[in-house]
Structure formats: C-alpha cells, structure tokens
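Colleague: Dumping the structure here so I can ask a few things about it.
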Amino acid sequence: MRQVVTELDTLRAMYDYISEQLDGRFRLQFPIFEWKIDELIGEFQNPTYRVEAPAMKFSLAGLVSMIGSAVTECALDGCPDDEQHEFMREVINLIWDARFNTAEWLKEKGIVPGQAAN
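FYI, our numbering numbers position 59 of the sequence shown as 50, with every residue one higher than the one before it.
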C-alpha cells in the first residue's frame, strides 16, 4: 500500500492525479491538444520535478499563472479560439482542485492521506 504522509508524498500524489486526469478525461475531451497533454504529462511525471515540495508547489503556481495570463490576454483581445480557452481554463481548474480531488482519488484506491501504512 502506498503511503501519503508528508507534504512531498501529497504533492507527488497530486502530480499523479493530475497526470491521470490529463491522460484520461482531457485526452477524450480535447483530442486536438494531444501534443500539449503529452508535454504536460511528461513534466508532471519527470522525476527531476518531483524532488522537493516547495519546488513542486512553485511549479504548479507558475503553470497556473502562465496559463491564466494567456487566457486572460486572449479574452481581453477578443481571441476567437474558444476551444483553446476552454482547455486552458480546465487545466487551471484541474490544478486548483487537485488537493481535494487527489484526497478523494486516494481514498478510492484505499489510501488514507496522512496515515502511515503499518
């Protein structure tokens, strides 16, 4: 049984949850963004990005900031690419909701966050 006890464990679980959502639901909902989904999954699964909790949080915040800035600029400019905007908003929502949804996802797998396996 996998343990999710430390902040680093929690963030690694969140990265796994986000990757699973991108690889499943997002591929079905946004097939034209397959290349971007592959890129994001590669980043979330890259072991060098999964070493320190502060760096992982900074990476998530930076991604949300970058996407949020891009989608806001598009909205202000009247960009007509609605499908891209929806994709970007969904990625932001996925990350924003990741802590709660990861906890639920772990419980479904029989893992209780914060509890060590004996």
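All C-beta atoms, glycine included, are put in the ideal place defined by N, C-alpha and C.
These numbers were taken from a predicted model, which means no experiment stands behind them.
Looking only at its chain, what residues have a beta carbon closer than 8 Å to the beta carbon of residue 81, apart from the 5 residues adjacent to it on each side?
Modeller: Here the set comprises 17, 20, 21.
Colleague: Could you compute how far the alpha carbon of residue -1 sits from the alpha carbon of residue 60?
Modeller: Rounded to the nearest angstrom, the two C-alpha atoms are 27 Å apart.
Colleague: Are the beta-carbon atoms belonging to residue 105 and residue -4 less than 9 Å from one another?
Modeller: Cβ atoms of residue 105 and residue -4: closer than 9 Å.
Colleague: Do you know how far the Cα of residue 55 is from the Cα of residue 96?
Modeller: If you take the alpha carbons of residue 96 and residue 55, they lie about 21 Å apart.
Colleague: In the DSSP assignment, find the alpha helix (DSSP H) that holds residue 73 and state where it starts and stops.
Modeller: That run of the alpha helix (DSSP H) goes 73 to 87.
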